[in-house]
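Numbering (our numbering), first residue to last: 459 to 815. Note that the Cβ used here is the ideal one computed from N, Cα and C, for glycine as well. Down below is the structure, laid out as structure tokens.
Pasting the structure below:
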């Protein structure tokens with residue numbers, strides 16, 4: 459077990475990264491590394507072959523977007539669930555959240571219900587768009603948001619929103635980078651669960667992910683498990699622009715917390731005028747299958763009010779807010795579109811920092 463402050467060295471992984479740096483993607487997807495990965499997976503009872511490795515392709519996707527109170531928010535398209543973040547923003551846009559007040563029971567209620575509706579659609583429709591019909595344009599349209607918004611009762615939580623099981627835990631890394639000219643990179647990477655499959659390819663340091671666990675085993679579902687198909691995916695880097703100029707570069711680690719985090723961070727900045735660090739410091743909610751997790755520090759009156767509206771609430775305390783609470787880990791850079799001045803914020807619940815250079 460590593461000790462606090464101990465320097466961790468993985469020479470096998472260092473050699474692997476050096477090989478990839480020298481040989482490019484072919485060094486990983488073809489040749490000795492691919493042979494080691496395929497052989498190990500087959501030894502463990504899997505079916506991955508060197509032909510599968512060699513057949514891998516990466517796609518250059520056009521981002522999807524919506525306008526939220528004059529700010530254009532950009533997300534990656536399916537099979538990622540950026541759709542859920544955009545749909546939730548569209549639904550929430552119909553409410554005067556600023557008048558309701560930050561961290562108020564009314565604001566929490568309307569954001570929670572918006573997110574629940576968006577998740578219901580995400581679990582029903584998101585799949586690999588090359589293998590199934592995914593109605594992305596409709597899901598992120600303002601007209602569709604109006605029909606979904608009409609289902610929200612301002613005084614009562616919905617009882618019949620059918621949304622799938624929200625899994626906890628993640629092993630995700632997010633980096634936001636912006637230069638002096640406004641060029642930006644919003645980058646997120648994950649092997650999904652903590653340590654992915656928990657298996658390391660001998661001699662390589664490569665940890666195998668377990669993204670396949672997000673396939674549906676219902677053969678009739680759009681996201682059904684099938685060869686050559688990408689599963690529902692949780693990692694979604696985000697950006698926002700104003701009049702075509704970079705405004706925000708952001709991301710929230712944490713599996714199914716990611717679209718919820720995007721919704722809350724954008725609302726904090728746009729609706730309540732928070733600076734990047736304040737937007738990340740602000741208390742969050744986390745919608746799951748069974749309940750809504752709330753952070754320690756939220757007004758007891760707000761918690762009581764939400765419970766009175768029918769929300770099943772669970773209060774998360776202390777250290778567990780960043781580990782088991784599922785509130786995610788965010789990083790955010792804000793750029794003034796007129797002056798180019800940058801301001802950064804870093805997640806207080808997890809390791810991270812904002813650095814200017």
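Cβ separation of residue i and residue j, assumed to be a contact under 8 Å, to the nearest whole Å
i	j	result
residue 695	residue 646	5 Å
residue 548	residue 619	Their Cβ separation, rounded to whole angstroms, is 17 Å, which puts residue 548 and residue 619 out of contact at 8 Å.
residue 760	residue 737	In fact, because the Cβ distance is near 19 Å, the residues do not count as touching under 8 Å.
residue 792	residue 805	Not quite, the Cβ-Cβ distance comes to about 15 Å (not below 8 Å), so this is no contact.
residue 429	residue 580	The requested residue 429 is not part of the displayed model; the chain covers only 459 to 815.
residue 728	residue 719	About 15 Å separates the two Cβ atoms, so there is no contact after all.
residue 680	residue 585	4 Å
residue 659	residue 498	5 Å
residue 545	residue 526	Contact doesn't hold; Cβ gap of about 11 Å is too wide.
residue 657	residue 500	About 12 Å separates the two Cβ atoms, so there is no contact after all.
Residue from the options with nearest C-alpha to residue i
i	options	result
residue 662	492, 552, 745 and 674	492
residue 574	560, 680, 709 and 721	721
residue 614	606, 631 and 564	564
residue 742	731, 801 and 754	754
residue 745	572, 545 and 637	572
residue 784	522, 462, 630 and 527	630
residue 703	766, 796 and 675	796
residue 794	699, 672 and 765	699
residue 589	673, 735, 465 and 779	673
residue 712	731, 739, 577 and 652	652
residue 415	522, 463, 809 and 503	Missing from the structure shown is residue 415; the chain here goes from 459 to 815 and no further.
residue 536	528, 802, 465 and 688	688
residue 531	489, 706 and 464	706
residue 616	578, 649, 601 and 593	578
residue 610	462, 485, 570 and 504	570
residue 604	481, 815 and 576	576
residue 483	506, 460, 515 and 461	515
residue 762	566, 802, 677 and 602	566
residue 735	807, 612, 480 and 518	807
residue 701	460, 582, 528 and 809	528
residue 667	675, 678, 654 and 676	654
residue 407	708, 766 and 690	What the structure shows of the chain is the stretch from 459 to 815, and residue 407 is not part of that stretch, so it cannot be assessed.
residue 817	505, 612, 478 and 553	Nothing can be reported for residue 817: it is not among the residues displayed for the chain, which extend from 459 to 815.
residue 506	520, 487 and 519	487
residue 582	682, 638 and 480	682
Environment of residue i [buried if 16+ CB atoms lie within 10 Å]
i	result
residue 715	buried
residue 476	exposed
residue 756	buried
residue 623	Annotation note: pLDDT 42 at residue 623 (below 50); position unreliable, coordinate value reported separately. Classification for residue 623: exposed.
residue 842	The chain is shown only over 459 to 815; residue 842 falls outside these bounds and no answer can be derived.
residue 799	exposed
residue 568	buried
residue 685	exposed
residue 777	exposed
residue 467	exposed
residue 539	buried
residue 474	buried
residue 643	exposed
residue 607	buried
residue 472	exposed
residue 534	buried
residue 465	exposed
residue 449	Since the first residue shown for the chain is 459 and the last is 815, residue 449 is missing from the structure and cannot be characterised.
residue 726	buried
residue 543	buried
residue 600	exposed
residue 648	buried
residue 524	buried
residue 802	buried
Identity of the residues DSSP links to residue i by a beta bridge
i	result
residue 798	DSSP, once it has assigned bridges, lists no residue as partnering residue 798.
residue 775	Answer is none; residue 775 lacks a bridge partner.
residue 526	529
residue 696	708
residue 703	700
residue 611	614
residue 793	800
residue 691	538
residue 682	674
residue 566	According to DSSP, which records beta bridges pairwise, residue 566 is partnered with nothing at all.
residue 630	648
residue 743	752
Any non-hydrogen atom of the ligand ZN closer than 7 Å to residue i Cβ
i	result
residue 742	No copy of the ligand ZN appears in this structure; indeed no ligand is present at all.
Quiz item: Is the stretch 768-776 touching the stretch 748-759 in the sense that three or more CB pairs, one from each, lie closer than 8 Å?
Solution: yes
Practice problem: Say whether the stretch 556-564 touches the stretch 504-521, bearing in mind that this needs 3 or more beta-carbon pairs closer than 8 Å, one atom from each stretch. | Solution: no
Quiz item: Counting pairs of Cβ atoms below 8 Å between the stretch 634-650 and the stretch 690-704, do you hit three or more?
Solution: yes
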